[in-house]
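Undergrad: Numbering (the working numbering), first residue to last: 379 to 608. Note that beta-carbon positions come from the ideal geometry of N, C-alpha and C, so glycine has one too. Since we're looking at a predicted model, the values are computed, not measured.
(1) Identify the residues that DSSP records as bridge partners of residue 558: which are they?
(2) In chain order, what residues of the same chain have a beta carbon less than 6 Å from the beta carbon of residue 443, not counting five sequence neighbours either side?
(3) What residues in its chain sit with their C-beta under 7 Å from that of residue 475, if we drop five residues either side in the sequence?
(4) Taking residue 424 as the reference, which of 401, 498, 449 and 558 has the closest Cα?
(5) Would residue 555 and residue 576 qualify as a contact pair, given that the criterion is a beta-carbon distance under 8 Å?
(6) For residue 567, is the classification buried or exposed, using 16 other Cβ atoms within 10 angstroms of its Cβ as the cut-off for buried?
(7) Identify, in the order they occur along the chain, each residue of the same chain with its Cβ nearer than 8 Å to the Cβ of residue 492, setting aside the five sequence neighbours on each side.
(8) Quick one, which of 570, 421 and 593 has its alpha-carbon nearest residue 456's?
(9) Can you name the start and end residues of the alpha helix (DSSP H) that residue 498 belongs to?
(10) Can you give the Cα-Cα distance for residue 563 and residue 598, rounded to whole angstroms?
(11) Which residues bound the alpha helix (DSSP H) around residue 577?
(12) Whole-angstrom Cβ separation of residue 592 and residue 496, contact assumed at under 8 Å?
(13) Residues bridged to residue 517 by DSSP?
(14) Can you tell me which residues form a DSSP beta bridge with residue 604?
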């Protein structure tokens, strides 16, 4: 058990590590929290781990931890400076944006490269208030892990002239029929259709043809199926 002196040391170390970590975070800037990229995540976790060890250490010299934290701070600052001056190295350290949807079509190669499946993409679009993938012209997966979305022209935010005499249509959800080559039975049931109807509508003959499709969505209003191929 820790004696009184040991408890005092823990309190002092905890306060010291907190102050030092606070100073580093202020110098590195808000980007550490607001736009957490992979390298920022690694550095943040490492600094937090060192600070936690420092808080309860009563035997090792405290300056060991200061040196370690200072080294991670120096590396974070160096990566940021290099990234500002050299585009190639910035992409190497922090990655580059990936186009997941281009001109209204899902880019399968980019989904695969970024380890994202179709359901993940649809979920990220819903978080951006796009429940219909057909409303999206471009979707960019940023190095920070966030999705930037540019809607199609008729889905852009309205301006005053758009509002005048505008007709408001009732909102509805489209039915997802195929996801990554697999038929969604729930989607077919909700649309009131069956497998034979789907095969005929898409002009496919077998399950092998399904593997070429990454996403198929049925619009109840237009009675059309939007198909995205791999």
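TA: Based on what the coordinates show:
(1) For the purposes of this step, residue 558 is identified with residue 180 of the chain shown, where counting begins at 1. Answer is none; residue 558 lacks a bridge partner.
(2) In the chain shown, counting from the first residue as 1, residue 443 sits at position 65. The beta carbon of residue 443 lies closer than 6 Å to those of 428 and 432 in the same chain, with the five residues before and after it left out.
(3) For the purposes of this step, residue 475 is identified with residue 97 of the chain shown, where counting begins at 1. If we look at residue 475 and ignore the five residues flanking it on each side, its Cβ neighbours are 518, 519, 520 and 521.
(4) Reading the chain shown from its first residue, position 46 is the one you call residue 424. Closest option to residue 424, Cα to Cα, is 449.
(5) Locating residue 555 in the chain shown gives position 177, where the first residue counts as 1. Locating residue 576 in the chain shown gives position 198, where the first residue counts as 1. Taking 8 Å as the Cβ cut-off, residue 555 and residue 576 qualify as a contacting pair.
(6) Position 189 of the chain shown holds residue 567. So residue 567 ends up on the exposed side.
(7) Position 114 of the chain shown, counted from the first residue, corresponds to residue 492. Only 476, 478 and 519 meet the Cβ criterion.
(8) As a working note, residue 456 is residue 78 in the chain shown. Considering only alpha carbons, the answer is 421.
(9) Counting from 1 along the chain shown, the entry for residue 498 is found at position 120. Start and end: 496 to 505.
(10) Sequence index remark: in the chain shown, residue 563 carries index 185 (1-based). Sequence index remark: in the chain shown, residue 598 carries index 220 (1-based). So the two alpha carbons sit approximately 16 Å from each other.
(11) Position 199 of the chain shown, counted from the first residue, corresponds to residue 577. Here the alpha helix (DSSP H) through residue 577 covers 573 to 580.
(12) Translated into positions along the chain shown, residue 592 becomes position 214. Translated into positions along the chain shown, residue 496 becomes position 118. The pair is a contact, with the Cβ atoms about 6 Å apart (cut-off 8 Å).
(13) On the chain shown, residue 517 is found 139 positions in, with the first residue counted as 1. Paired residues: 479 and 527.
(14) Position 226 of the chain shown, counting from 1, holds the residue named residue 604. 595, per the DSSP bridge assignment.
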